[in-house]
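A.B. asks: Numbering (UniProt numbering), first residue to last: 1 to 641. In this text, a Cβ means the ideal position worked out from N, Cα and C, and glycines have one as well.
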């Protein structure tokens, strides 16, 4: 039996006529002397087709959803990135400058002199509120709508007025949206061709005949708008108005609405928790305009270019803003003089794949390089300066290299058909592993082995799950959301396991439940991807890292990033800027040496424990070497991301 997805609205109650044939005066036309830009009395309209009754939402649900959508209009329109809050009469919704300060305070970042003028461009006064009979103005918010393609449409300021009314058993909520424009020609493509529009929710509490009815109520949501006098309702505007109402109802029915943050932020706690969203998105827009077209036009791989290009540009934007917060490093176009930034220690992209990440970062002025077991056709389209920094090398972890070579007795033991690398990088190098598969769990170990006294910072974006030996392996869920290393022996019997299992029952209800559960931390940790992410975090924490998890805004379902060492690097840089001594933390060289020895002992314990399922470090090293040969020669390509 085919199950049909429930429509947001009851289609049987729609007239089926064109919207222009069903227009009627809106009750919102009862205004006190309010005039349009042309000096005429405002005339508001609505339609029975823009009204939906018998809704079970409480006024609190609609109010909470409205606040959430203020900063997240991208849930209503695919043409928008977000909205920046410029003013809130309640003082709760944060402006971009306030969000930057919040993140800076959380990391102890020292405010720079140029930060003082950030809020200047955001000082936009609100449009005066209308007087609407029977309603009382409760709140005023000014926001700036940010489009996905600023080269086509400019941002738009908009004032949002909140009204409320209580009449006996009826509670009314009204939000009026008014763009800051003088002429209709100034309206961007993503905004409806309207002078203003409003959403009205009337909630009637019925007479209680039972406890169940006492907790319920009948709600009615309607959409009202003010047309331009010389503009008929075109097909596109009609579709937009219906979509606004449909989306509002659909989101109100969503399972995540009860967890949305009342300040209008994102309801997922691991999203936008490391960097402010607006900084990353603005940088992404700039990079997309600068590089996307050329990369897509010159793409030589067999894969779809748009998916890989936009994903890598999104990750690059995140890295640029991450390094700005950590080191104060900025792109070339923001520097007064070109050249290497002495504050930035350099980066290495392990398993760099097509090399797009390395290419864009180098072009933006960040020094670094990348390597992969196999060269890619894409490398040849890059400038010579970039090609010189892309290397075909196979990574052999130092613990494996030590047991394979037998302390140098047999140098041919490391021969895999190409150059090898044991992961020893210069001090403070930032390690990046983007969908590096076999290297995911090795990333924190690699970073710590490179400099045990001061482990390198890193960011890993997990993809397919592998054990330390490189064999495919599904990690079991962490106990109490944490790994303790005492997993059951039967879970080690095979390293070739299903990467995307389905619920045992196979029915639609079970699938839906699994999907909902996957949005929570507890549910995500049960999936292959969640278990791999949790394992990478656990290993990093075990060897001494301060670890953060954040969900990246990239076009991929594998969008979780594990970051290690950011807080330590940021703190050390700020202490240096404040000219405070670090002697209290590192009093002498012997203490550093002891710290390094302790880190090495922790790494040795992790490697020994994790390789036990293959029969020990020696056997795991042998498996790694054989798989490395296959990957370099092209065998197993289909298994790799």
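For residue 392 and residue 370, what's the separation of their Cα atoms in angstroms?
C.D. replies: Going by the C-alpha atoms only, they are around 9 Å apart.
A.B. asks: Could you give the residue range of the beta strand (DSSP E) that holds residue 156?
C.D. replies: Unbroken beta strand (DSSP E) run through residue 156: 156 to 167.
A.B. asks: Among 426, 465, 438, 437, whose alpha-carbon lies nearest the alpha-carbon of residue 449?
C.D. replies: When each option's Cα is compared against that of residue 449, the closest is 426.
A.B. asks: Return the first residue and the last residue of the beta strand (DSSP E) that residue 129 is part of.
C.D. replies: That residue, residue 129, is in no beta strand (DSSP E); it is neither H nor E in DSSP.
A.B. asks: From the DSSP output, which residues share a beta bridge with residue 178?
C.D. replies: Residue 178 is bridged to 159.
A.B. asks: Could you tell me the distance, in whole angstroms, from the CA atom of residue 77 to the CA atom of residue 428?
C.D. replies: Those two C-alpha atoms are separated by around 42 Å.
A.B. asks: Determine, using beta carbons only, whether residue 536 and residue 444 come nearer to each other than 8 Å.
C.D. replies: In this structure, residue 444 lies closer than 8 Å to residue 536 by Cβ.
A.B. asks: Do the CB positions of residue 124 and residue 98 come within less than 8 Å of each other?
C.D. replies: No. Outside cutoff.
A.B. asks: Helix, strand or coil for residue 171 per DSSP?
C.D. replies: Three-state DSSP puts residue 171 in a strand.
A.B. asks: Enumerate in chain order the residues of its own chain whose CB-to-CB distance from residue 173 is below 7 Å, with the five nearest sequence positions on each side excluded.
C.D. replies: Closer than 7 Å at Cβ, skipping near neighbours: 59, 62, 63, 164, 201.
A.B. asks: Please name the residue in 79, 143, 329, 305 whose C-alpha comes closest to that of residue 153.
C.D. replies: When only C-alpha atoms are compared, the closest one is 79.
A.B. asks: Which residue comes first and which comes last in the alpha helix (DSSP H) that contains residue 199?
C.D. replies: First-last for residue 199: 196 to 204, but that is the beta strand (DSSP E), not the alpha helix (DSSP H).
A.B. asks: Assign residue 242 to one of three DSSP states: helix, strand, or coil.
C.D. replies: In this structure, residue 242 counts as helix in the three-state DSSP scheme.
A.B. asks: Within its chain, find whatever has a CB closer than 8 Å to the CB of residue 418; leave out the 5 residues flanking it on each side and keep chain order.
C.D. replies: Counting only Cβ-Cβ distances below 8 Å, and skipping sequence neighbours, we find 373, 392, 393, 394, 632.
A.B. asks: Quick check on DSSP: helix, strand or coil for residue 272?
C.D. replies: In the structure shown, residue 272 sits in coil (DSSP, three-state: anything other than H, G, I, E or B).
A.B. asks: Could you check whether residue 129 and residue 161 sit closer than 8 Å to each other, using their CB atoms as the reference points?
C.D. replies: Result yes, Cβ atoms of residue 161 and residue 129 sit closer than 8 Å.
A.B. asks: Can you tell me whether residue 447 is buried or exposed? The criterion is at least 16 other CB atoms within 10 Å of its CB, across all chains shown.
C.D. replies: Buried.
A.B. asks: Which residue marks the beginning of the alpha helix (DSSP H) containing residue 61, and which one marks its end?
C.D. replies: 59 to 71 is the extent of the alpha helix (DSSP H) around residue 61.
A.B. asks: Going by DSSP, what residue range makes up the beta strand (DSSP E) through residue 369?
C.D. replies: From DSSP, the beta strand (DSSP E) with residue 369 extends over 368 to 372.
A.B. asks: For the segment 607 to 634, which segments carrying the alpha helix (DSSP H) assignment without a break, of at least 4 residues, lie completely within its bounds, in sequence order?
C.D. replies: Whole alpha helix (DSSP H) segments, 4+ residues: 617 to 633.
A.B. asks: Taking residue 285 and residue 150 to be in contact with their CB atoms under 8 Å, please state how far apart those CB atoms are, rounded to whole angstroms.
C.D. replies: 6 Å between Cβ atoms; contact.
A.B. asks: Run the proximity test for residue 81: is its beta-carbon closer than 7 Å to any non-hydrogen atom belonging to the ligand GDP?
C.D. replies: In terms of ligand content, the structure shown is empty, and the ligand GDP therefore cannot be addressed.
A.B. asks: DSSP on residue 7, reduced to helix/strand/coil?
C.D. replies: Of the three classes helix, strand and coil, the one that applies to residue 7 here is coil, per DSSP.
A.B. asks: Going by DSSP, what residue range makes up the alpha helix (DSSP H) through residue 569?
C.D. replies: Here the alpha helix (DSSP H) through residue 569 covers 566 to 577.
A.B. asks: Taking only the alpha-carbon atoms, compute the straight-line gap between residue 416 and residue 630 and give it to the nearest angstrom.
C.D. replies: Approximately 9 Å between the Cα atoms of the pair.
A.B. asks: How about the segment 346 to 359 and the segment 269 to 280: do they share at least three Cβ pairs that are nearer than 8 Å?
C.D. replies: Cβ pair count under 8 Å is below three, so no.
A.B. asks: What does the alpha-carbon distance come out to for the pair residue 568 and residue 397?
C.D. replies: Cα-Cα distance, rounded: 25 Å.
A.B. asks: Can you tell which of 133, 565, 560 has the C-alpha that lies nearest to the C-alpha of residue 543?
C.D. replies: It is 565 whose Cα lies nearest to the Cα of residue 543.
A.B. asks: Mark residue 282 as exposed unless 16 or more other C-beta atoms lie within 10 angstroms of its C-beta, in which case mark it buried.
C.D. replies: By the neighbour-count rule (16 or more Cβ atoms within 10 Å), residue 282 is buried.
A.B. asks: For residue 362, which residues in the same chain have their Cβ closer than 8 Å to its Cβ, ignoring the five residues on either side in sequence?
C.D. replies: Cβ neighbours of residue 362 beyond the five flanking positions: 368, 385, 386, 389.
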